[in-house]
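A short worksheet on the structure shown next.
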Amino acid sequence: MDKTLTGILHSINQAIFQRNGLFLGDLLSIKRDPKSLQELVFSSPSIDPKQDIIRILHDKSWVDVVFCFWKASLALGKDQDIVKATDEQLVLVQAVLKGFSQWEAWVLPVLFAVCRDLEVLACKADALLRSRDEKAEKSEEAARMINKAFTICITDREAIEVSRKWGTYYIIGVLFKIYFKINKFSLSKNILRAIEVSEMPPLECFPKSHVVTYKYYLGVSAFLNEEYAVAQVELMASLELCERKSAKNLRLILTYLIPTLLLTSQKMPSKALLSKFLYLKDFYEPLVEYIRKGNLKGYDQLLIEREKELMSKRIYLAIERIRDMCMRNLFRRVFILNQKFTKIPIKLFHIALNYMGLDVEIAETECFLANMIYKGFIKGYIHQERQTIILSVKDPFPKTVNLSNLLI
17 MDKTLTGILH
27 SINQAIFQRN
37 GLFLGDLLSI
47 KRDPKSLQEL
57 VFSSPSIDPK
67 QDIIRILHDK
77 SWVDVVFCFW
87 KASLALGKDQ
97 DIVKATDEQL
107 VLVQAVLKGF
117 SQWEAWVLPV
127 LFAVCRDLEV
137 LACKADALLR
147 SRDEKAEKSE
157 EAARMINKAF
167 TICITDREAI
177 EVSRKWGTYY
187 IIGVLFKIYF
197 KINKFSLSKN
207 ILRAIEVSEM
217 PPLECFPKSH
227 VVTYKYYLGV
237 SAFLNEEYAV
247 AQVELMASLE
257 LCERKSAKNL
267 RLILTYLIPT
277 LLLTSQKMPS
287 KALLSKFLYL
297 KDFYEPLVEY
307 IRKGNLKGYD
317 QLLIEREKEL
327 MSKRIYLAIE
337 RIRDMCMRNL
347 FRRVFILNQK
357 FTKIPIKLFH
367 IALNYMGLDV
377 EIAETECFLA
387 NMIYKGFIKG
397 YIHQERQTII
407 LSVKDPFPKT
417 VNLSNLLI
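Under our numbering, read the sequence shown as residues 17 to 424, first letter to last.
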């Protein structure tokens, strides 16, 4: 394909004539290699590129959009100014939104492309601005602009066959991605409320890829709100719909689903599952081993080593909670070493905790045991006068379960 401005303009004419939204979206995306961008911005046949655009484009309703696209490409390809490119991309998205007063729903892929590019540019621009100790608000500006795209989609009153509502969940996915990055996921509540009151087609009628992303962020939202049962439902739904060849998406889903299942049902990831994802294996394989052996010292050290990474993914608190499973298994080892007697002095559990490097009083040990009983990790009760725990004869330490590798 001719990558000069003239060549791209002729391709745009062709895409509009054929009503090929996907092709048109690709043409108006700045997601190109640097060489292609430079070929585009340095190839105008005259001094005034806008005049070339007006002259060559058949459908004049696209002139402003294409010129805005050219300016964003210029900022990126010639000036290599990511902040300026983001500002130009904001103007481009606004031009596309304005164009929808005349265009039909087949143009939605163009909206998807420019919003997706805006999210990527804004993220990079903010990183650059932060490195300069300047105010980094490009992602917030992008979110406000893309929110307008969401409104245009969800409020469309055209017949459902030709409605812009079919773009709703894709745009939500882009918005939620920004909200998550700027740590303002609470803003998603407004989006979800709008979905609830809008007359939308059934979710299963939308493209699977849109639904996977939507369900993923619903799950992440519930996870962050510590609604782990809800998170499990949404993340499992996202996983079941996700293409098995989409390794990156599977990894993202499992990053939150694994700790969710550990918390809701004590299901641990199998080695077969972890072996398919290097990042997950690198963290969860030692974690699971520490849990199985009741190695609190190793567990705590792993949390210290990976704290920054876990905090960035917002899963640190969940992993900290999962520590109860590790303590449960430590206490179970005490039970086994004590020949599985159902009456065990609390001081033996206290010795085990001290051995693991926990400098705690015996009263704290009693509290830990009471907490284990309350959470269902141990079946039994504490006899305070005798400073003894009386364990259930049947299954005093309910078993943990492997998370089947059949999930993927």
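The beta carbon of each residue, even a glycine, is placed where N, CA and C say it ideally should be. Keep in mind the model is a prediction, meaning the values are calculated, not measured.
Residue j and residue i - do their beta-carbons sit closer together than 7 Å?
i           : j           : result
residue 381 : residue 364 : no
residue 158 : residue 134 : yes
residue 125 : residue 189 : no
residue 408 : residue 395 : yes
residue 224 : residue 250 : no
residue 226 : residue 185 : yes
residue 283 : residue 277 : yes
residue 64  : residue 111 : no
residue 84  : residue 108 : yes
residue 326 : residue 320 : no
residue 360 : residue 405 : yes
residue 306 : residue 300 : no
residue 293 : residue 233 : no
residue 274 : residue 285 : yes
The beta strand (DSSP E) that contains residue i, what's its start and end?
i           : result
residue 406 : 404-407
residue 284 : 283-285
residue 360 : 359-361
residue 399 : 396-399
So is the beta-carbon of residue i under 6 Å away from any non-hydrogen atom of the ligand PLP?
i           : result
residue 189 : Ligands are entirely absent from the displayed structure, and the ligand PLP is therefore not among its contents.
Compare the C-alpha of residue i against each of the options and name the closest.
i           : options               : result
residue 142 : 115, 198, 163 and 174 : 198
residue 59  : 149, 86 and 129       : 86
residue 151 : 138, 234 and 351      : 138
residue 78  : 406, 158, 29 and 264  : 29
residue 148 : 403, 57 and 99        : 99
residue 75  : 55, 45, 27 and 49     : 27
residue 211 : 195, 236, 225 and 182 : 182
residue 66  : 53, 90 and 146        : 90
residue 119 : 247, 107 and 179      : 179
residue 103 : 55, 155 and 121       : 155
residue 160 : 145, 93 and 206       : 206
residue 287 : 377, 302 and 273      : 302
residue 172 : 117, 162 and 208      : 117
residue 362 : 414, 352 and 398      : 398
residue 239 : 215, 202 and 222      : 202
residue 35  : 122, 262, 387 and 300 : 122
residue 101 : 128, 64, 127 and 45   : 45
residue 200 : 379, 241 and 93       : 241
residue 338 : 376, 393 and 108      : 393
residue 412 : 322, 356, 333 and 377 : 356
residue 31  : 22, 43 and 20         : 43
residue 263 : 236, 97, 235 and 295  : 295
residue 41  : 128, 49, 33 and 115   : 128
residue 48  : 115, 113, 136 and 114 : 136
residue 441 : 113, 374 and 177      : The shown model of the chain, from 17 to 424, leaves out residue 441, and the question about it has no answer.
residue 328 : 96, 352, 214 and 271  : 271
For residue i, which residues of its own chain have a beta-carbon under 8 Å away from its beta-carbon, when the five flanking residues on both sides are left out?
i           : result
residue 25  : 68, 69, 72, 73 and 82
residue 387 : 340
residue 106 : 134, 157, 158 and 161
Leaving out five residues on either side along the sequence, give the residues of the same chain with a beta carbon under 7 Å from the beta carbon of residue i.
i           : result
residue 228 : 254, 257, 258 and 265
residue 346 : 310, 312, 368 and 372
residue 280 : 244, 245 and 248
residue 384 : 343
residue 187 : 131, 162, 165, 166 and 169
residue 297 : 290 and 291
residue 422 : Bear in mind that the predicted position of residue 422 carries a pLDDT of just 40, short of 50, making it unreliable; the figure below should be weighed with that in mind. Excluding sequence neighbours, residue 422 sits near nothing in its chain.
residue 19  : 52, 55 and 56
residue 146 : 152
residue 318 : 302, 303 and 306
On the DSSP letters alone, give me the boundaries of the alpha helix (DSSP H) that residue i sits inside.
i           : result
residue 219 : Premise fails: residue 219 is in no alpha helix (DSSP H) and is neither H nor E.
residue 258 : That residue, residue 258, is in no alpha helix (DSSP H); it is neither H nor E in DSSP.
residue 414 : From DSSP, residue 414 is part of no alpha helix (DSSP H); its letter is neither H nor E.
residue 161 : 154-170
residue 150 : Run containing residue 150: none; DSSP gives neither H nor E here.
residue 86  : 79-93
Please list, in chain order, all residues of the same chain as residue i whose beta carbon is under 6 Å from its beta carbon, the five residues on each side excluded.
i           : result
residue 93  : 53, 54 and 57
residue 415 : none
residue 140 : 98
residue 349 : 310
residue 376 : 369
residue 366 : 378 and 381
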